[in-house]
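Asks:
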DNA sequence: CCGCACTATGGAAACGTTTCCAATTCAGCC
DNA sequence: GGCTGAATTGGAAACGTTTCCATAGTGCGG
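Next comes the structure, spelled out in structure tokens:
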């Protein structure tokens, strides 16, 4: 046992800066300067230190360095669920950019639980992460955001309206869902639709709110009976139960077009249509919000609102890096565009 | 400027263990014991320390603690791409379990690039992460795995065959793809199919290899012309170009059934079938490997091989925690089952 | 009443860096 | 040749913990 432990320790223990200093015949201070600053270090020392470090396979200990420099080279990413394709792509892109800059990313899922959000913010802070990317589950977790601000580490918000501290808003990457929804709605109205349903999981968060606003705006500007704008909220976002969609499509004056969010809700709507024998796009036009595999591959292929998740992640990382480097203020917000990808799922409504 | 900096510092600086000690009128050592061990500490001290810590909002600094204890409370997770739904769910589940245990998870994408894999292993090691979950892009990045072992931190492999160091294999979570493929193939053979195509992106990694083995095994045990087992590999996994599938289905003696991996390849196959006017399941039976949204929602709904990604993540986290706690050896491997979910996409082949 | 075992406590060392400061060298210039 | 200033270097402090060690108290049996 003791031998075992010893051997383990032997294997694990690595060369420290002290070992390098001894091997190179200089002081630890010089080694540190040689390896980091490069400033005020003679050619001889630089060479010897480099050689010694190489020979010993020296790798600096980030923990120790962090303690001194107050920076960890890690940033946190707080989302409700990385398994959600929406977030997964954002996380992926952000990680790519951050890695380029030599930073590691730690992720945590909050499942939209305010308590957990606070706990993770505290954990990040306690670990002294250099910064954070967060997509709050609700815009109203005030306590968490105050704590977050108190930490002093830069924060970038992902597509949410979080009330800033005092006057200045948080740096954020926003997606122009409003304009997207407006475009889609306008497109359907242009095709002749007058009763359109917007299927979305609640207006609690920015994307939903903005979409609803854009949806309404399109009706308003077309000067059309606003009664035709059917907004179907849904409490739980897990499944826009096929049943809900069925109910909607069985109505007396059913909508002739549907704008459906994401994969699950879209799937529910498509199934409901199939079950009722409604053919897309003949009897029902469909637009997907978010360009998922399902939308692209379904037959008929579904017209979709698309925005680049990669851009969101990349922009967020960029904004955060800017703050971390403290290079001026730069821009503090990014607003990303939403495009309408035309496919086969929309047409003029048949007279009813 | 200097005032600004000062104020920042003031805000950021937090209570240290020293402050707590002073406030409680005890030594730092006692505070540490009171807050951590709880052993050898009098009731009075415990009370005073707790009160002082509470009043000052003391939160221990993980960096400093890490330096002393050689543990960071963080584990790394190395996958090719977190945006891949396959990995996303695994990561999500693993993170959940690890968070329960008070650990943070840092993720890194390797894009199957061996150099990057090595770099990230080094980065993890340099940061002294307590352990790692890795799904190598190739089983043959020997140098990376040797380095990985040298780090001394426990590692759990995700569904890969990585040659162990010396005799003992790495702890791993494996999915029984072989049995799954065998079941699916046997099912098709039972329906009367004699020419079946397996569409998979290469045999470079364990899942592909195992599936091929299971596929062949089913043919062998059914005592059927093995010429009917069509294995279609594909170099780039991004798109099993619809074209490839088209070519396959146009053949003289085309397969009457297809087993297709994932979302993209499955989509390519379905499109090709549609383009050729082949109806599923009448003219062509289809089984999806991996139960994706597309498979579940498509009409007809696609029969699929399903295994629980959540279980993979959870099991991996569990295995890692076991190692971290050093509680005996416990089990070192988990083999997770694959189920065949029967839907509407398979039938008896029409006589050709 | 004295030692004795045991518990609680304070002080200090240690973890591996970076960075400050003082000391030394060195070149250049009068 | 001595003086000045810049460049380089070594030594040590500091970062915030945990843990070891020695010491002081405390109860208890002889």
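Chains as they are written, first to last, in this note's numbering: chain A, 1 to 352; chain C, 1 to 352.
Every residue gets a Cβ at the ideal spot worked out from N, C-alpha and C, and that includes glycine.
Any Cβ of chain A within less than 9 Å of the Cβ of residue 36 of chain C?
Replies: Counted from its first residue, the second chain places residue 36 of chain C at position 36. So, not an interface residue.
Asks: Report back the beta-carbon spacing between residue 82 of chain A and residue 104 of chain C to the nearest angstrom; my notes put them in contact at under 8 Å.
Replies: Stepping through the first chain from its first residue, residue 82 of chain A is reached at position 82. Stepping through the second chain from its first residue, residue 104 of chain C is reached at position 104. About 13 Å separates the two Cβ atoms, so there is no contact after all.
Asks: Cβ of residue 81 of chain A less than 9 Å from any chain C Cβ?
Replies: Here residue 81 of chain A refers to the residue found at position 81 of the first chain. Chain C contact via Cβ: present.
Asks: Evaluate the contact criterion for the region 18 to 37 of chain A versus the region 47 to 57 of chain A: three or more CB pairs, one atom per stretch, below 8 Å.
Replies: These segments touch.
Asks: Tell me which residues of the region 87 to 100 of chain C have at least one Cβ-Cβ distance to chain A shorter than 9 Å, keeping chain order.
Replies: Within the region 87 to 100 of chain C, the qualifying residues are 87, 88, 89, 90, 91, 92, 93, 95, 96 and 99.
Asks: Alpha carbon to alpha carbon, how far is residue 282 of chain C from residue 256 of chain C?
Replies: Here the question's residue 282 of chain C lines up with position 282 in the second chain. Here the question's residue 256 of chain C lines up with position 256 in the second chain. The alpha-carbon atoms of residue 282 of chain C and residue 256 of chain C are separated by roughly 9 Å.
Asks: Just checking, does the region 61 to 75 of chain A make contact with the region 122 to 129 of chain A on the three C-beta pairs under 8 Å criterion?
Replies: Counting Cβ pairs under 8 Å, three or more are found: they touch.
Asks: Can you find the residues in the same chain that come closer than 6 Å, C-beta to C-beta, to residue 313 of chain C, ignoring five residues on each side of it along the sequence?
Replies: The residue given as residue 313 of chain C occupies position 313 in the second chain. Hits under 6 Å: 90, 93 and 94.
Asks: Consider the Cβ of residue 353 of chain C: report whether some Cβ of chain A lies at a distance smaller than 9 Å.
Replies: Outside the modelled stretch of chain C, which goes from 1 to 352, sits residue 353 of chain C, for which no answer is possible.
Asks: For the beta strand (DSSP E) holding residue 243 of chain C, just list the boundary residues, first then last.
Replies: For this step, residue 243 of chain C is matched to residue 243 along the second chain. Counting along the chain, residue 243 of chain C falls outside any beta strand (DSSP E), though it belongs to the alpha helix (DSSP H) covering 242 to 250.
Asks: Going by other Cβ atoms of all chains shown within 10 Å of its Cβ, with 16 needed for buried, is residue 293 of chain C buried or exposed?
Replies: On the second chain, residue 293 of chain C is found 293 positions in, with the first residue counted as 1. Burial call: buried.
Asks: Report the CB separation of residue 284 of chain A from residue 258 of chain A in whole angstroms; it is logged as a contact under 8 Å.
Replies: Numbered from 1 along the first chain, position 284 holds the residue referred to as residue 284 of chain A. Numbered from 1 along the first chain, position 258 holds the residue referred to as residue 258 of chain A. Contact holds; Cβ gap of about 7 Å.
Asks: Around the C-beta of residue 318 of chain C, are 16 or more other C-beta atoms found within 10 angstroms, so that it is buried, or is it exposed?
Replies: Taking the first residue of the second chain as 1, we reach residue 318 of chain C at position 318. Classification of residue 318 of chain C: buried, given that the 10 Å Cβ count is 16 or more.
Asks: For residue 115 of chain A, count neighbouring Cβ atoms within 10 angstroms of its own Cβ and tell me buried if that reaches 16, exposed if not.
Replies: Residue mapping note: residue 115 of chain A aligns to position 115 of the first chain, counting from 1. Exposed: under 16 other Cβ atoms inside 10 Å.
Asks: Got a sec: is the Cβ-Cβ distance from residue 84 of chain C to anything in chain A below 9 Å?
Replies: Position 84 of the second chain holds residue 84 of chain C. With 9 Å as the cut-off, residue 84 of chain C counts as an interface residue toward chain A.
Asks: Cα-Cα, which of A:59, A:152, A:124 and A:182 is closest to residue 63 of chain C?
Replies: For the purposes of this step, residue 63 of chain C is identified with residue 63 of the second chain, where counting begins at 1. Checking every option, the nearest Cα to that of residue 63 of chain C belongs to A:124.
Asks: Could you check the C-alpha separation between residue 173 of chain A and residue 234 of chain A for me, to the nearest Å?
Replies: By one-based count along the first chain, residue 173 of chain A stands at place 173. By one-based count along the first chain, residue 234 of chain A stands at place 234. When rounded, the distance between both Cα atoms is 25 Å.
Asks: Applying the criterion that 16 or more other CB atoms from any shown protein chain within 10 Å of the CB defines a buried residue, is residue 11 of chain C buried or exposed?
Replies: Residue mapping note: residue 11 of chain C aligns to position 11 of the second chain, counting from 1. With a pLDDT of 43 at residue 11 of chain C, under the threshold of 50, the predicted position of this residue should be treated as unreliable, though the coordinate-derived value follows. The residue is exposed, with fewer than 16 neighbouring Cβ atoms inside 10 Å.
Asks: Let me make sure I understand the geometry here. Which of C:139, C:120 and C:333 has the alpha-carbon closest to that of residue 207 of chain C?
Replies: By one-based count along the second chain, residue 207 of chain C stands at place 207. Comparing Cα-Cα distances from residue 207 of chain C to each of C:139, C:120 and C:333, the minimum goes to C:139.
Asks: Output the residue ranges of the alpha helix (DSSP H) runs that lie fully inside the region 292 to 324 of chain A and measure 4 residues or longer, sorted by chain position.
Replies: Runs found: 293 to 297.
Asks: Using beta carbons (cut-off 9 Å, strictly below), is residue 142 of chain C in contact with chain A?
Replies: As a position in the second chain, residue 142 of chain C is number 142, starting the count at 1. It does not; no Cβ of chain A falls within 9 Å.
Asks: Between A:178, A:204 and A:189, which has its C-alpha nearest residue 141 of chain A's C-alpha?
Replies: Locating residue 141 of chain A in the first chain gives position 141, counting from the first residue. Answer by Cα proximity: A:204.
Asks: Cβ atoms of residue 214 of chain C and residue 178 of chain C: under 9 Å apart, would you say?
Replies: Here residue 178 of chain C is taken as the residue at index 178 of the second chain, counted from 1. Here residue 214 of chain C is taken as the residue at index 214 of the second chain, counted from 1. Taking 9 Å as the Cβ cut-off, residue 178 of chain C and residue 214 of chain C qualify as a contacting pair.
Asks: Going by beta carbon distance, what residues of the same chain come within less than 6 Å of residue 266 of chain A, once the five residues before and after it are set aside?
Replies: The residue you call residue 266 of chain A lines up with position 266 of the first chain. If we look at residue 266 of chain A and ignore the five residues flanking it on each side, its Cβ neighbours are 260 and 288.
Asks: Going straight from the alpha carbon of residue 304 of chain A to that of residue 333 of chain A, what length do you get?
Replies: Translated into the one-based positions of the first chain, residue 304 of chain A becomes position 304. Translated into the one-based positions of the first chain, residue 333 of chain A becomes position 333. Approximately 26 Å between the Cα atoms of the pair.
Asks: Quick one: which chain A residues come within Cβ less than 7 Å of residue 283 of chain C?
Replies: Counting from one through the second chain, the residue named residue 283 of chain C turns up at place 283. Those do not exist, as residue 283 of chain C stays about 16 Å from chain A at its closest Cβ, beyond 7 Å.
Asks: Between the Cα of residue 98 of chain C and the Cα atoms of C:344, C:331, C:315 and C:345, which residue gives the shortest distance?
Replies: For the purposes of this step, residue 98 of chain C is taken as residue 98 along the second chain, with counting starting at 1. Considering only alpha carbons, the answer is C:315.
Asks: Does DSSP classify residue 191 of chain A as helix, strand or coil?
Replies: The sequence position of residue 191 of chain A within the first chain is 191, counting from 1. Note: residue 191 of chain A maps to helix in three-state DSSP.
Asks: Report yes or no: is there a C-beta of chain A within less than 9 Å of the C-beta of residue 314 of chain C?
Replies: Within the second chain, residue 314 of chain C is the residue found at index 314, counting from 1. Chain A, which has no Cβ nearer than 9 Å to the Cβ of residue 314 of chain C, makes this no.
Asks: Between the alpha carbons of residue 350 of chain A and residue 175 of chain C, how many angstroms are there, rounded?
Replies: Against the first chain, residue 350 of chain A aligns to sequence position 350. Against the second chain, residue 175 of chain C aligns to sequence position 175. Using only the alpha carbons, I get a separation of about 50 Å.
Asks: Judging by CA-CA distance, which residue of A:14, A:339 and A:297 is the nearest neighbour of residue 263 of chain A?
Replies: Along the first chain, read from residue 1 onward, the residue named residue 263 of chain A stands at position 263. Of the listed residues, the one whose Cα sits closest to residue 263 of chain A is A:297.
Asks: Can you name the residues of chain A whose CB is closer than 8 Å to the CB of residue 242 of chain C?
Replies: Sequence index remark: in the second chain, residue 242 of chain C carries index 242 (1-based). Residues of chain A passing the Cβ test: none, with the nearest at roughly 10 Å.
Asks: Rounded to a whole number of angstroms, what is the C-alpha to C-alpha distance between residue 222 of chain A and residue 306 of chain C?
Replies: Against the first chain, residue 222 of chain A aligns to sequence position 222. Against the second chain, residue 306 of chain C aligns to sequence position 306. For residue 222 of chain A and residue 306 of chain C, the distance between alpha carbons rounds to 48 Å.
Asks: Is it right to say residue 335 of chain A is buried, meaning 16 or more other beta carbons lie within 10 angstroms of its own, or is it exposed?
Replies: Residue numbering aside, residue 335 of chain A sits at position 335 when the first chain is read from its first letter. Exposed: under 16 other Cβ atoms inside 10 Å.
Asks: Distance cutoff 9 Å, beta carbons only. Does residue 298 of chain C sit that close to anything in chain A?
Replies: In the second chain, residue 298 of chain C corresponds to position 298, counting from 1. Interface residue, yes.
Asks: By DSSP, does residue 345 of chain C sit in helix, in strand, or in coil?
Replies: For the purposes of this step, residue 345 of chain C is taken as residue 345 along the second chain, with counting starting at 1. Three-state result, residue 345 of chain C: coil.
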